[in-house]
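Undergrad: So the protein sequences, as listed, match chains A and B. For reference, each letter of the first sequence is one residue, going 1 to 479 in the numbering used here. For reference, each letter of the second sequence is one residue, going 1001 to 1479 in the numbering used here. Don't be surprised by glycine CBs; every beta carbon is placed ideally from N, CA and C. Structure incoming, see below.
Protein chains: 2
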Amino acid sequence: MKLEKCLTEENINQNLLNIQYAVRGPILQRALQIERELVKGVPKRFERVVRANCGDCHALGQKPITFIRQVLALVSFPELISSRLDIPQDVKDRAKELLDDCTKGSVGSYSPSNGLNLVRSRVAQYITNRDGVPSNPDDIYLGSGASDVIKSVLTLFVEDVGGKPPAVMVPIPQYPLFSGTLSELGVRQVDYYLDEEHDWALQISELERSWREASIESNVRALVVINPGNPTGQVLTRDNIEQIIKFAYERNLFILADEVYQENIVSKPFHSFKKVMFEMGAPYSRMELASFLTASKGWAAECGLRSGYVELLHLQPSVQKTFNTMRSVMQCPSVLGQCILDCVMKPPSPGKPSHNQFINEIRDIHQVLKERTATAYKTFNSIPGYFCNPIDGSMFAYPRIEIPVEAQLEAKKLNMSPDEFYCLRLLEETGVCVIPGTGFGQLPGSFHFRTTILHPKDEFQYMMDSIRRFHLNFMQLYP
Amino acid sequence: MKLEKCLTEENINQNLLNIQYAVRGPILQRALQIERELVKGVPKRFERVVRANCGDCHALGQKPITFIRQVLALVSFPELISSRLDIPQDVKDRAKELLDDCTKGSVGSYSPSNGLNLVRSRVAQYITNRDGVPSNPDDIYLGSGASDVIKSVLTLFVEDVGGKPPAVMVPIPQYPLFSGTLSELGVRQVDYYLDEEHDWALQISELERSWREASIESNVRALVVINPGNPTGQVLTRDNIEQIIKFAYERNLFILADEVYQENIVSKPFHSFKKVMFEMGAPYSRMELASFLTASKGWAAECGLRSGYVELLHLQPSVQKTFNTMRSVMQCPSVLGQCILDCVMKPPSPGKPSHNQFINEIRDIHQVLKERTATAYKTFNSIPGYFCNPIDGSMFAYPRIEIPVEAQLEAKKLNMSPDEFYCLRLLEETGVCVIPGTGFGQLPGSFHFRTTILHPKDEFQYMMDSIRRFHLNFMQLYP
Chain A
1 MKLEKCLTEE NINQNLLNIQ YAVRGPILQR ALQIERELVK GVPKRFERVV
51 RANCGDCHAL GQKPITFIRQ VLALVSFPEL ISSRLDIPQD VKDRAKELLD
101 DCTKGSVGSY SPSNGLNLVR SRVAQYITNR DGVPSNPDDI YLGSGASDVI
151 KSVLTLFVED VGGKPPAVMV PIPQYPLFSG TLSELGVRQV DYYLDEEHDW
201 ALQISELERS WREASIESNV RALVVINPGN PTGQVLTRDN IEQIIKFAYE
251 RNLFILADEV YQENIVSKPF HSFKKVMFEM GAPYSRMELA SFLTASKGWA
301 AECGLRSGYV ELLHLQPSVQ KTFNTMRSVM QCPSVLGQCI LDCVMKPPSP
351 GKPSHNQFIN EIRDIHQVLK ERTATAYKTF NSIPGYFCNP IDGSMFAYPR
401 IEIPVEAQLE AKKLNMSPDE FYCLRLLEET GVCVIPGTGF GQLPGSFHFR
451 TTILHPKDEF QYMMDSIRRF HLNFMQLYP
Chain B
1001 MKLEKCLTEE NINQNLLNIQ YAVRGPILQR ALQIERELVK GVPKRFERVV
1051 RANCGDCHAL GQKPITFIRQ VLALVSFPEL ISSRLDIPQD VKDRAKELLD
1101 DCTKGSVGSY SPSNGLNLVR SRVAQYITNR DGVPSNPDDI YLGSGASDVI
1151 KSVLTLFVED VGGKPPAVMV PIPQYPLFSG TLSELGVRQV DYYLDEEHDW
1201 ALQISELERS WREASIESNV RALVVINPGN PTGQVLTRDN IEQIIKFAYE
1251 RNLFILADEV YQENIVSKPF HSFKKVMFEM GAPYSRMELA SFLTASKGWA
1301 AECGLRSGYV ELLHLQPSVQ KTFNTMRSVM QCPSVLGQCI LDCVMKPPSP
1351 GKPSHNQFIN EIRDIHQVLK ERTATAYKTF NSIPGYFCNP IDGSMFAYPR
1401 IEIPVEAQLE AKKLNMSPDE FYCLRLLEET GVCVIPGTGF GQLPGSFHFR
1451 TTILHPKDEF QYMMDSIRRF HLNFMQLYP
C-alpha cells in the first residue's frame, strides 16, 4: 500500500538541512535530558545542571526591572490603573500613553506593521540622544527580537547579480543566528577571522583577504559586524569603525551592525556605526546601514518578550517600500514586546517616582557584569591550557582551550569535533552546559567554548571551579 | 562621485517585488492619511473613518476577556499575586502555574523554541478534546501568530523536484498571507476557485482541474484549505472534507488546514481535518497534515499579542528535526503570547470563580457575530447589484458587486482594477475602508470587497447605510 511521505529529507528545502544553531543544539538537548534524569533520581556526580548556553539573564536569576513589569501589568489589565494598588504615577502615565497609541486602547489590537508610532518615535529619540544625529521614526522597524528583523534584512540580498551568487561577510567567531539564517536563505557566508592574538581585533587586511577570495565566485553584498562582539565580547574602537566603513564604502557593501550588546559594556565607550558614519561626513554619511538593538539584552534582558528594532538608513525608496510590504504580511510584532521596548528606550527620568528604584536596579546589574567579566578573565587565564582575552562587554566569555591529541583522536572516533567532545564531557561530568566553538566558528586547529557569565556569584564560582576541576582531570586522562 | 546604492529595485531579492498584502495595502494607507487629514480639520463629507480592512476585533471595540488580561497582568508582575488586589483565585492559580513553567519564574526568560511545555500540553489537550483523537505535545509548535508558523511550514516546500518548480494550491478567494508568503518564497501559487454560485463550495472537480493544469509545468506539493473560509465565511461539510482528503491522498499532497476561525462559527458544526482523517481510518489516518490555530481569532481575538500554533502530523522524523532546527534560530515566540494561548486552550472551568464572567463575555461576543453575519447577509443582498452568500462563520463578508462598464473604464484610466477604484471611491466619499477583491482573488470579470463585520451595532449600521448610499450614488454616476 502506498504511503510515501509528501516531505522527505530528499525533497524538502535543501537549504534547511544546512542550518545549525548550536546555542540550542545537541549539547543543550543533552543538558535538558540530564535535568530530567536528575529529577528521576538517576545518580550523577553533580546535583544540578548549570546552564551557560544562552544569553538569557532572567534564566540565570537576574530580576526583571520593576518599572518595566509594572507598565506591562497595567497595559495588560488597564483596570489596574485606577485601582487602589500602590503603583507609581510615572508607571500609570506611561501605561496610559502606550494605551492611547493602541487602537481602541487595547494591546490586543494589531499595531502598524513597523510598530506603534509612539514606540518608533521613542526609538528615534533614543538614537538621536545616543548619536547626536537625527533619526526618523519611519526608518525604524520593530520586530520580534532583533533576530526577526535581521532575518528580514538578510532576505533582501537573496539574488544572483551578474551571474554570481550573493554572499555576506560574517565575523568568525560569530553568533549563529547569522550562519543559520544565511543557510536558510541559501546565501553564501564569507568568513573573516577576528584576531584572537590581538584582543579579537577586526583587522582590515583580513576583511580584504576574505572579500578578495570570496569575490572570485560570489557577489559579496553585505558585511556583518557584531559590536560588542558575540561570543567574543570585545568593543570596537572608533578608529577601527572608521576603517571598516571606508572598507565597506570602497566595495559597495551594505553594513549590518549588530549592536545588541551596546548597553552591556564594562568600561570602553560604545560608538555606533551610524554615529561614526555621520561624523565622517560625505560620502560615508549617505551610506546604507542597518543597525539592530533588542530589549532581550541590555539591562532589561527581556528575552521572552521578543522585542527589538532595526534602523534602516538611506535605502532606495522603492527598496524601503518593498521592505515595508514584506514586513506587513506578518502583521506586526507583539504589542506587549513593543511596550517594553518603549520602557527601555525611555526609562524613568530623574525626579520621577520610579527613578530611584530603577537606578538601583540597573546599578546592581552593571555591577554583576563588571565583576563577572573580570572574574571570568582572571579565572580562565589561571587554568593551564586556557587563554581568554579581556572581556569589554556582552555577557559571554569565549576562552581558547588546549585539547590534547589523544582527546582529539577520541573525539574523532565518536564522530565529534574535539571541542564538542570536550563540552559534552564537561556536561556529563560536572553538569555545566557551555557551547562548543564549532557553533560560532574558530581558526582551524583552535578550540573554544562560549559560556554565559551572568550567573549569581556563588553559582558562577561553582561553575568556574567545576570547569577548572574538570579540565585538570581531563588533561590527566589524555596526557 | 560614486554613491550607487547597494540595494536597488533591480538587485534585491526579486521575489519580494511580487509580494502583495492588500489588507495593509494602499487602501489602508489612504485611510490612515484621511484620518490624519480629519484630525487637521480638512473638510470631508464624513466625520470619521470606519476601518473594516482587518479581522481585528479589539480595534473594532470588542472588549478583552477579563480572565486572560488578569492572568497576563499577574505573570507580568508576579508581586500582584500576593497583593491585596481583588483577583479571583483561579487567575492566581493559572498565573502561578505558567510562571512555574518559565525558567526561574520569569516570562522574560526564553522558552523552548517550540513553546513552553505546559502550553503545548494544553494545546494537545484542547485538540484531543475537540477531535477525540490523541495529540502529542511534541507535534505542537507555538508561533508569533498563525502567520509565523504558516510561513515556516511553507518554507519546507521550496525545492525543485524532478526538474519542476514547487507549487502550492490555494483557494480563490484566499487570505493574502498565503499569496504573499508564496511570493516571498518563490513558490508557485496554483489557484482553485471556490464556487460562489453554490455558497462558496469547494468542488473536487475544480481541485482536479487546477491540479491537472498546474502539474504540467510544476510539482504540486501541497494544498491549502481555509475552513472556515477567509474572506468567504463558509464552513466545509464533513463530506466535503473527506473528499478533499481523498483528493490529496491520491496526489500525495500535503494538506495545510488554516482552521483559525474554528471558534467563529454561527451555527454549523466544525470538523477539523485531523478528526476527519482519523475517522476515515488507514491510509488517510497516517497522512501528513499541518493544522493552524491562533489566539488572534476566536473569542479571545488578541491579535496584538501574536500567538498561535501549528500541529504537525506524521512528519518523517528527519523532516521534523529539520523543522525544529529552523524554528530554533528565532529562539522562541513571545512568552506572554504563549500565556494567553494557554488561557484560550483552557478557559475558566465551571465552578471556578472566573467562570461566570467568562461565560457572559463569550456569550456576548458570539451574539454579536450571530447578529452581524445575519445583518450583513440581509443588507448586502438588499442593495441592487450586490450579491452575498450566507455567512457561516469567520468575521467577514465578501459581497459581489456589479461595477458598471463606465466605471470600469474610469478605473482603467487611473491604472486601477475596477474593484480598487470602487473601494477607493467608497473610502473617499464615506470614510468606509474595505479591501478590494483583487487582494483576495476572484473569478475574472467579477468584483468583490472584503469587509469586517464585527463593529458595534450602531457603527455597523452606519457602515452598511454608508455603503448602500454610496453604491446607489455610484450607479447613478456611472449608469
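Take V1161 of chain B and list the residues in its own chain whose beta-carbon comes closer than 7 Å to its own, dropping the five residues that flank it on each side.
TA: N1219
Undergrad: Can you tell me whether C1102 of chain B is helix, strand or coil according to DSSP?
TA: coil
Undergrad: Is the segment 1361-1369 of chain B touching the segment 47-56 of chain A in the sense that three or more CB pairs, one from each, lie closer than 8 Å?
TA: no
Undergrad: Name, going along the chain, the residues of the segment 1094-1112 of chain B whose beta-carbon falls closer than 8 Å to a beta-carbon of chain A.
TA: C1102, T1103, K1104, S1106, V1107, G1108, S1109, Y1110, S1111
Undergrad: Tell me the residue span of the beta strand (DSSP E) that contains M169 of chain A.
TA: Element bounds for M169 of chain A: 166-172.
Undergrad: Helix, strand or coil for P137 of chain A, going by three-state DSSP, please let me know.
TA: helix
Undergrad: For R1188 of chain B, which beta-bridge partners are listed by DSSP?
TA: B:A1167
Undergrad: To which residues of the same chain is V1119 of chain B closer than 7 Å at the C-beta, ignoring the five residues directly before and after it?
TA: The residues L1142, Q1338, L1341, D1342, in chain order, have a CB closer than 7 Å to that of V1119 of chain B in the same chain once the five nearest residues on each side in sequence are set aside.
Undergrad: Residues of chain B with CB under 7 Å from N252 of chain A, in chain order?
TA: E1004, C1006
Undergrad: For the candidate residues A:V224, A:L194, A:V235, A:R188, whose alpha-carbon lies nearest to that of E217 of chain A?
TA: A:R188
Undergrad: For chain B, is any of its Cβ atoms less than 9 Å away from the one on H314 of chain A?
TA: yes
Undergrad: Give me the Cα-Cα distance between Y126 of chain A and E263 of chain A, rounded to the nearest whole angstrom.
TA: Whole-angstrom Cα-Cα distance: 12 Å.
Undergrad: Starting from the beta carbon of Y21 of chain A, find every residue of chain B whose beta carbon is closer than 7 Å, and list them in chain order.
TA: T1325, S1328, V1329
Undergrad: 9 Å is my cut-off, CB to CB: does E217 of chain A come that close to chain B?
TA: With a threshold of 9 Å between beta carbons, E217 of chain A makes no contact with chain B.
Undergrad: At the 9 Å Cβ level, is D1148 of chain B part of the contact set with chain A, yes or no?
TA: yes
Undergrad: Please state whether DSSP places C339 of chain A in a helix, a strand or coil.
TA: helix
Undergrad: Can you look up L1007 of chain B in the DSSP assignment and give me helix, strand or coil?
TA: coil
Undergrad: Listed in chain order, which residues of the segment 1042-1074 of chain B have Cβ atoms closer than 7 Å to some Cβ of chain A?
TA: C1054, D1056, H1058, A1059, G1061, P1064, R1069, Q1070, L1072, A1073
Undergrad: Would you check if the distance between the CB atom of Y1309 of chain B and the CB atom of T1325 of chain B is smaller than 9 Å?
TA: no
Undergrad: Just reading off the alpha helix (DSSP H) that L472 of chain A is part of, what are its end residues?
TA: 457-477
Undergrad: To the nearest angstrom, report how far apart M1 of chain A and Q1243 of chain B are at their CA atoms.
TA: At M1 of chain A, the pLDDT of 45 sits below 50, so the modelled position is not reliable; the number obtained from the coordinates is stated separately. Spanning the two alpha carbons is a distance of roughly 20 Å.
Undergrad: Examine chain A for any beta-carbon lying closer than 9 Å to the beta-carbon of N1356 of chain B, and answer yes or no.
TA: Not one chain A Cβ lies under 9 Å of N1356 of chain B.
Undergrad: Check whether the segment 1410-1421 of chain B touches the segment 1433-1442 of chain B, taking contact to mean three or more Cβ pairs, one atom from each stretch, closer than 8 Å.
TA: yes
Undergrad: In angstroms, rounded to a whole number, what distance separates the CA positions of R1130 of chain B and P1348 of chain B?
TA: In a straight line, the C-alpha of R1130 of chain B is about 17 Å away from that of P1348 of chain B.
Undergrad: Closest by CA to P404 of chain A, which one among A:Q461, A:C303, A:M345, A:L472?
TA: A:L472
Undergrad: Please look up how many angstroms separate the CB atoms of P353 of chain A and D90 of chain A, rounded, as I've assumed it's under 8 Å.
TA: 5 Å
Undergrad: Buried or exposed: K1412 of chain B, going by 16 or more other Cβ atoms within 10 Å of its Cβ?
TA: exposed
Undergrad: Report yes if the C-beta distance between L1154 of chain B and A1222 of chain B is below 9 Å; otherwise report no.
TA: yes
Undergrad: What are the start and end residues of the alpha helix (DSSP H) that includes Y1422 of chain B?
TA: 1418-1430
Undergrad: Which chain B residues sit within Cβ distance under 7 Å of L427 of chain A?
TA: By Cβ distance, chain B contributes nothing, its closest Cβ being about 18 Å from L427 of chain A, past 7 Å.
Undergrad: Quick check on V335 of chain A - is its C-beta less than 9 Å from some C-beta in chain B?
TA: yes
Undergrad: Should T1451 of chain B be flagged as near chain A, meaning a C-beta pair shorter than 9 Å?
TA: no
Undergrad: Among A:Y261, A:E213, A:C102, whose alpha-carbon lies nearest the alpha-carbon of A146 of chain A?
TA: A:Y261
Undergrad: Does G145 of chain A come within less than 9 Å of chain B when only Cβ atoms are used?
TA: yes
Undergrad: Please confirm if T438 of chain A has its CB atom under 9 Å from at least one CB of chain B.
TA: So no, T438 of chain A is outside the interface.
Undergrad: Where does P1444 of chain B sit, in a helix, a strand or coil, going by DSSP?
TA: Look at P1444 of chain B here: in three-state DSSP terms it is coil, with no helix or strand label.
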